[in-house]
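Student: I have a structure here, written as structure tokens, and I will follow up with some questions on it.
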């Protein structure tokens with residue numbers, strides 16, 4: 455597994471080994487020892503996945519302290535434009551974003567440090583995103599930043615967005631606890 459640090463401090467792109475033969479494909483998406491070597495958390499306590507239609511934007515999501523968490527996310531089917539936003543006030547990359555195309559065919563994953571908002575836009579029908587997180591879901595600490603308030607150009611005129619995500623505060627209105 456190849457692990458490369460991204461332009462947002464504490465976030466990494468994982469390029470796992472993929473093995474293909476006449477039966478199909480095998481991808482090892484998580485190796486604890488490789489994360490530990492790089493000083494990353496491996497104490498994932500919850501895993502979930504979402505399915506999305508093309509044109510769906512989900513985000514920008516995170517949990518606040520004391521239930522903040524690191525995430526390891528990957529696209530298991532389809533393709534997404536994956537976006538992360540640094541909300542950590544003392545971070546050298548505070549307020550910066552990073553975007554990458556994640557596809558099931560690449561098998562690549564993103565490790566997202568606590569204090570980073572995460573979202574994505576599904577670019578194919580039937581897209582499945584898998585999330586591994588280091589804290590359990592805590593509804594009172596589940597927060598977000600409005601998807602269109604931080605300067606990222608999603609490249610879509612009429613995205614499909616939940617009412618919850620539409621009503622998140624704009625980045626300029628958000629007081630970061632990180």
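Numbering (our numbering), first residue to last: 455 to 632. Beta carbons are placed, not taken as given, at the ideal position from N, Cα and C, and that holds for glycine.
(1) Under three-state DSSP, which class holds residue 536?
(2) Determine, using beta-carbon pairs with one atom in the region 598-605 and one in the region 552-560, whether at least three such pairs fall under 8 Å.
(3) Taking a contact to mean a Cβ-Cβ separation below 9 Å, would you say residue 589 touches residue 521 in this structure?
(4) In chain order, what are the residue ranges of uninterrupted beta strand (DSSP E) at least 3 long that sit wholly in the region 465-512?
(5) With a CB to CB cut of under 6 Å and the five nearest residues on each side skipped, what residues in its chain are close to residue 461?
(6) Residue 471 to residue 484, Cα distance in whole Å?
(7) To the nearest angstrom, how far is it from the Cα of residue 404 to the Cα of residue 488?
(8) Taking its Cβ as the centre, do 16 or more other Cβ atoms sit within 10 Å of residue 525, making it buried, or is it exposed?
(9) With a threshold of 9 Å between beta carbons, is residue 543 in contact with chain D?
(10) Where does the unbroken beta strand (DSSP E) through residue 544 begin, and where does it stop?
(11) Can you name, in chain order, every residue of its own chain whose Cβ lies under 7 Å from the Cβ of residue 592, other than the five neighbours on each side?
(12) Give the DSSP-derived three-state secondary structure of residue 629 in the structure shown.
(13) Name the one or two DSSP bridge partners that residue 531 has.
(14) Of the choices 545, 584, 580, 595, whose alpha-carbon is the least far from that of residue 561?
Tutor: Concretely, from the data shown:
(1) Residue state for residue 536 is assigned as strand, using DSSP reduced to three classes.
(2) Here the region 598-605 does not lie against the region 552-560, with fewer than 3 beta-carbon pairs under 8 Å apart.
(3) At the C-beta level, residue 589 and residue 521 come within 9 Å of one another.
(4) Taking 3 residues as the shortest admissible run, the region 465-512 contains the following complete beta strand (DSSP E) segments, listed from N- to C-terminal end: 466-469, 472-475, 478-481, 500-506.
(5) Around residue 461: 552.
(6) Counting only the Cα atoms, residue 484 lies some 10 Å from residue 471.
(7) Not covered by the structure: residue 404. The range shown for the chain is 455 to 632.
(8) Buried, because 16 or more other Cβ atoms sit within 10 Å of the Cβ of residue 525.
(9) Among the chains in the structure shown there is no chain D, since it carries only a single protein chain.
(10) Where residue 544 is concerned, there is no enclosing beta strand (DSSP E), given that its DSSP letter is neither H nor E.
(11) Hits under 7 Å: 517, 521.
(12) In the structure shown, residue 629 falls within a coil segment according to DSSP collapsed to helix, strand and coil.
(13) Under DSSP, residue 531 shares a beta bridge with 582.
(14) Just measuring C-alpha positions, the residue of 545, 584, 580, 595 sitting nearest residue 561 is 584.
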